[in-house]
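Engineer:
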Amino acid sequence: MNNTIKNVLPRAVELFCAKHLIANAIEGYGKGVKKLVWACVFPINPESYSKAIDALAALSKDCADYINQIPNKRWATYAVPALRYGMVTSQTPECCNHALLPARALPALQCLKWTWNYTMCNHANRTIAAAIAEGDLTPLPASKFAAVHPLPMQY
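Per my numbering, the very first residue in the sequence shown carries number 2; after that it's consecutive.
Okay, structure coming up:
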């Protein structure tokens with residue numbers, strides 16, 4: 002399967018879903034690691050990642066070792082060799098799972114078409130929103146920044 006994807010989509014970047022990676026960490030090391038593993042996902046440089054993984058290791062060295070054995074270029078924001086636009090989960094499969102709820106009663110090909118249309122419309126809407134966004138940030142990070150730092154957004 003991987004060779005087929007590489008042949009058909011040679012520039013595709015294969016990534017792991019952070020949500021599922023964290024679910025695996027919780028299953029193996031307990032709920033207490035959840036916030037610290039999430040903190041390892043978002044750093045935008047190696048130094049910030051090191052601080053996050055060190056904080057995780059202080060709580061659970063075994064969990065930090067588990068996270069460190071997974072190639073960072075497959076899930077950690079700072080190391081991923083592609084733009085992620087704030088997405089750290091496997092959005093297409095997650096969209097498909099969500100989209101299938103109202104489409105389950107349809108025949109298989111109609112269900113597939115419905116799911117494809119739903120996913121592509123979702124993606125197109127996000128792409129359009131990012132393209133027309135003012136400033137250096139796409140809408141999701143901009144909204145998070147504005148929520149934390151509302152005063153600078155006034156100027």
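Beta carbons: idealized from backbone N, C-alpha and C, even for Gly.
With a CB to CB cut of under 7 Å and the five nearest residues on each side skipped, what residues in its chain are close to L107?
Structural biologist: W115.
Engineer: Determine the direct distance from the alpha carbon of G33 to that of T139, and round the result to whole angstroms.
Structural biologist: C-alpha separation (whole angstroms): 31 Å.
Engineer: Under the three-state reduction of DSSP, which class applies to F43: helix, strand or coil?
Structural biologist: Note: F43 maps to coil in three-state DSSP.
Engineer: Enumerate in chain order the residues of its own chain whose CB-to-CB distance from I45 is below 7 Å, with the five nearest sequence positions on each side excluded.
Structural biologist: So the list reads T78 and Y79, once near-sequence residues are dropped.
Engineer: Ignore the nearest five residues each way along the sequence and tell me which others in A40's own chain have a CB closer than 6 Å to its CB.
Structural biologist: So the list reads A53, once near-sequence residues are dropped.
Engineer: Find out if the Cβ-Cβ distance for the pair F146, W76 is shorter than 8 Å.
Structural biologist: Going by C-beta atoms, F146 is not nearer than 8 Å to W76.
Engineer: In whole angstroms, what separates the C-alpha of Y67 from that of V38?
Structural biologist: Distance between the alpha carbons of Y67 and V38 is about 11 Å.
Engineer: Do A134 and A143 have their CB atoms nearer than 8 Å?
Structural biologist: Result yes, Cβ atoms of A134 and A143 sit closer than 8 Å.
Engineer: Around the C-beta of M154, are 16 or more other C-beta atoms found within 10 angstroms, so that it is buried, or is it exposed?
Structural biologist: Confidence in M154 is poor, its pLDDT being 49 and thus under 50, which makes the residue's placement too unreliable to answer from.
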